[in-house]
Amino acid sequence: AVVEIAGSLSPTLGQSAQAAVKSLEKINLKAIAAGAGVAAVSVAISKATIDAGKYLVDLGSQFDTVVDTIRIGTGASGEALDALKNDFNEVYKGVPTTMENAGKAIADFNTFLGLTGSELQEISKQALQVSDMLGDELGSVIKESSHAFQAWDLSASEMPAAMDYVFKASQSTGAGFTSVMTTVQQFAPQLKE
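Residues in the sequence shown are numbered from 158 upward in steps of one, following our numbering.
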């Protein structure tokens with residue numbers, strides 16, 4: 158349409174436009190479009206690769222921070238630290254939580270109760286779930302439950318059932334989980350009698 162209009166306005170302009178169109182016909186527009194598509198995909202892949210790389214670097218940095226938290230919090234090194242890292246991995250992939258919270262649960266329960274392995278993993282997962290569901294601060298859940306378990310001389314195998322029991326009591330009474338744990342700990346000597 159442009160060529161026809163240009164030709165009617167000026168024969169010279171029309172001839173120039175037709176020459177340009179003939180030159181363009183020689184160009185493989187599909188190849189140009191495909192090339193542009195490949196370039197766009199290449200740019201998108203490059204951006205995604207950069208974003209993924211940045212994410213992995215951030216993730217690696219977070220993991221290093223968690224490992225440092227566990228090492229500093231527990232004093233563990235060598236094989237003991239490797240075992241705690243494994244416990245962290247199991248907890249982190251087992252419940253929806255942050256790396257920071259999973260690392261805190263592992264470090265604190267190990268420090269307070271000396272737990273490792275599956276016992277540490279189970280009690281850490283429970284504490285994370287209690288904190289998430291009831292809105293109690295994770296540090297308080299860990300501290301108060303650890304002190305209550307110690308006050309009652311509970312074995313590692315008895316702790317998960319005790320935590321479940323207090324969770325149910327908290328739900329049915331409306332009292333906060335950490336509040337119930339504090340009370341159970343505070344009155345342990347009288348209640349034991």
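Here a beta-carbon is modelled for each residue, glycine too, at the ideal position from N, C-alpha and C.
query                                                                                                                                                      : result
Alpha carbon to alpha carbon, how far is A259 from L277?                                                                                                   : 11 Å
By a C-beta neighbour count over all protein chains shown, 10 Å radius and 16 as the cutoff for buried, is L348 buried or exposed?                         : exposed
Measure the C-alpha to C-alpha separation of L291 and F334 and round it to an integer number of angstroms.                                                 : 8 Å
Taking the C-alpha atoms as reference points, what is the distance between D265 and L311?                                                                  : 17 Å
Report yes if the CB atom of G274 is closer than 8 Å to the CB atom of D239, and no otherwise.                                                             : no
List, from N- to C-terminal side, the alpha helix (DSSP H) runs of 4 residues or more that fit wholly inside the segment 217 to 262.                       : 235 to 251
Suppose the cutoff is 7 Å on Cβ atoms and the five residues either side in sequence are ignored; what does the same chain contact list for V298 look like? : A284, V287, S288, F334, T335
Have a look at Q219 and A332 and give me their C-alpha separation to the nearest angstrom.                                                                 : 35 Å
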